[in-house]
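Residue numbers (my numbering): 479 to 915.
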């Protein structure tokens with residue numbers, strides 16, 4: 479196909495409300511999905527987004543453009559989690575379909591934040607925002623406030639920190655520490671704001687999702703990641719204890735800020751490097767088992783080694799010069815040698831990375847090479863969708879623990895021209911059919 483009309487449902491209303499598994503491919507399948515969503519929640523604007531995409535599809539086809547419509551959905555945890563799911567679905571679709579360009583359809587600025595991710599994979603010929611016209615009664619202040627407070631994202635952002643603050647304040651008063659109640663409340667609210675501001679909660683959600691996936695796949699990365707985190711913690715504690723012991727009797731700032739930082743880094747640097755090595759080692763083992771290229775991970779390990787060497791020698795030299803009581807002999811020549819060694823290791827890392835890029839390059843005029851590479855990618859990373867009971871794992875979707883999931887797609891092309899739609903539902907077991915394309 480030449481062009482696809484992309485409809486984005488970033489917060490996965492299709493899955494959460496209508497129990498539809500995305501991506502939804504084809505005109506008839508998208509009409510069915512939109513009707514299911516409208517039936518489940520008539521007020522959801524994603525329904526109008528899909529119908530708007532269908533209208534654009536009809537306009538393109540009327541001009542003789544070979545076009546198709548595809549709807550992608552993310553996750554209720556809007557942010558890194560939902561964006562990764564959508565991009566995974568898009569990558570999987572592009573691996574099995576030859577697409578030149580796309581028209582991006584959304585219902586607002588939130589979904590349009592994904593536009594750069596789509597542009598990095600496809601040429602965007604147009605962007606259309608579907609805005610629903612409302613009656614005067616629906617625009618009343620009461621209706622807007624009521625729906626605002628019903629939004630789960632608003633509730634989590636506003637009510638959760640207020641509730642936590644009240645709980646901490648009440649616990650401090652009940653325990654007989656009223657003087658610490660205000661301090662504890664301010665600390666907790668401040669910590670929550672930092673976590674939300676830096677989107678650490680979303681990163682933790684991604685880590686949890688990846689960990690669950692590694693556990694299901696029996697990945698060695700789960701073990702090495704755990705060992706990596708523990709190594710990082712042990713290294714930090716070791717460096718903190720040794721630094722604190724050095725300052726006993728003289729005060730924390732007796733030696734100065736720079737010597738303390740240098741001493742801390744010299745103690746923990748190789749612990750941190752070992753933590754990263756463990757992380758990369760697990761990824762290399764998993765890629766080797768899957769028959770995938772892991773030269774880029776070896777390159778990353780060499781870069782870590784190069785950077786760790788120069789940082790450790792720099793901090794050790796500062797300690798030797800500013801803290802003579804440590805009796806650390808570290809001549810300037812060692813520092814020079816470490817620079818040379820870091821450069822050599824860095825060049826080796828670049829060579830590994832360059833070799834990996836050459837393996838990935840495929841001549842454009844060689845159709846056979848492109849087909850072979852496509853099969854290899856599909857064998858290496860493509861996974862069939864499986865369903866057990868009421869659980870469906872789709873392209874990038876987390877598993878659902880309740881409710882039947884519906885896979886909607888168009889039937890054969892001759893059936894599509896007649897407007898027929900195939901809906902596959904089985905609460906006990908549903909094998910997801912592969913696309914006809």
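Virtual Cβ for every residue (Gly too), placed ideally from N, Cα, C.
Residue range of the unbroken alpha helix (DSSP H) whose run includes residue i
{"i": "residue 674", "result": "656 to 675"}
{"i": "residue 639", "result": "638 to 652"}
{"i": "residue 509", "result": "505 to 518"}
{"i": "residue 488", "result": "No alpha helix (DSSP H) holds residue 488; DSSP gives it neither H nor E."}
{"i": "residue 774", "result": "773 to 800"}
{"i": "residue 752", "result": "735 to 768"}
{"i": "residue 720", "result": "699 to 725"}
{"i": "residue 595", "result": "593 to 597"}
Contact belief for residue i with residue j at Cβ below 8 Å, rounded distance in angstroms
{"i": "residue 595", "j": "residue 561", "result": "7 Å"}
{"i": "residue 714", "j": "residue 757", "result": "With 8 Å as the limit, residue 714 and residue 757 do not qualify as a contact, their Cβ atoms being about 16 Å apart."}
{"i": "residue 606", "j": "residue 581", "result": "7 Å"}
{"i": "residue 490", "j": "residue 554", "result": "6 Å"}
{"i": "residue 816", "j": "residue 791", "result": "4 Å"}
{"i": "residue 643", "j": "residue 650", "result": "Contact flag wrong, Cβ pair sits at about 11 Å."}
{"i": "residue 698", "j": "residue 776", "result": "Not quite, the Cβ-Cβ distance comes to about 16 Å (not below 8 Å), so this is no contact."}
{"i": "residue 505", "j": "residue 535", "result": "6 Å"}
{"i": "residue 593", "j": "residue 564", "result": "The pair is not a contact, with the Cβ atoms about 11 Å apart (cut-off 8 Å)."}
{"i": "residue 579", "j": "residue 603", "result": "5 Å"}
{"i": "residue 556", "j": "residue 687", "result": "At roughly 14 Å, the Cβ-Cβ gap does not stay under 8 Å, so residue 556 and residue 687 are not in contact."}
{"i": "residue 479", "j": "residue 537", "result": "The Cβ separation is near 16 Å, so there is no contact."}
{"i": "residue 549", "j": "residue 511", "result": "6 Å"}
{"i": "residue 481", "j": "residue 551", "result": "Actually they are not in contact, since the Cβ atoms of residue 481 and residue 551 sit about 21 Å apart, beyond 8 Å."}
{"i": "residue 663", "j": "residue 646", "result": "5 Å"}
{"i": "residue 692", "j": "residue 700", "result": "4 Å"}
{"i": "residue 806", "j": "residue 814", "result": "Wrong, their Cβ atoms sit about 17 Å apart, outside the cutoff."}
{"i": "residue 630", "j": "residue 670", "result": "Wrong, their Cβ atoms sit about 17 Å apart, outside the cutoff."}
{"i": "residue 706", "j": "residue 743", "result": "That belief does not hold up - the Cβ atoms of residue 706 and residue 743 are roughly 19 Å apart, past 8 Å."}
Residue i burial status per 10 Å Cβ neighbour count (16 or more: buried)
{"i": "residue 589", "result": "buried"}
{"i": "residue 542", "result": "exposed"}
{"i": "residue 728", "result": "exposed"}
{"i": "residue 502", "result": "buried"}
{"i": "residue 722", "result": "exposed"}
{"i": "residue 773", "result": "buried"}
{"i": "residue 779", "result": "buried"}
{"i": "residue 812", "result": "exposed"}
{"i": "residue 741", "result": "buried"}
{"i": "residue 745", "result": "buried"}
{"i": "residue 567", "result": "buried"}
{"i": "residue 766", "result": "exposed"}
{"i": "residue 782", "result": "buried"}
{"i": "residue 675", "result": "exposed"}
{"i": "residue 517", "result": "exposed"}
{"i": "residue 584", "result": "buried"}
{"i": "residue 818", "result": "exposed"}
{"i": "residue 507", "result": "buried"}
{"i": "residue 521", "result": "exposed"}
{"i": "residue 795", "result": "buried"}
{"i": "residue 846", "result": "Confidence is the limiting factor: at residue 846 the pLDDT is only 46, short of 50, which leaves the residue's position unreliable and the question unanswerable from this model."}
{"i": "residue 576", "result": "exposed"}
{"i": "residue 724", "result": "buried"}
{"i": "residue 761", "result": "buried"}
{"i": "residue 632", "result": "exposed"}
{"i": "residue 709", "result": "buried"}
{"i": "residue 827", "result": "buried"}
{"i": "residue 820", "result": "buried"}
{"i": "residue 694", "result": "exposed"}
{"i": "residue 717", "result": "buried"}
{"i": "residue 738", "result": "buried"}
{"i": "residue 769", "result": "exposed"}
{"i": "residue 825", "result": "exposed"}
{"i": "residue 493", "result": "buried"}
Start-to-end residues for the beta strand (DSSP E) that takes in residue i
{"i": "residue 678", "result": "Note, residue 678: premise wrong, no beta strand (DSSP E); alpha helix (DSSP H) at 678 to 694."}
{"i": "residue 602", "result": "601 to 607"}
Three or more C-beta pairs below 8 Å linking the region 513 to 528 and the region 485 to 492: They touch, by the three-pair rule.
Alpha helix (DSSP H) runs contained entirely in the region 530 to 591, provided each spans 4 or more residues: The qualifying runs are 558 to 574 and 587 to 590.
Any contact between the region 745 to 755 and the region 784 to 791? By contact I mean 3 or more CB pairs, one from each, below 8 Å. Enough Cβ pairs lie closer than 8 Å, so yes.
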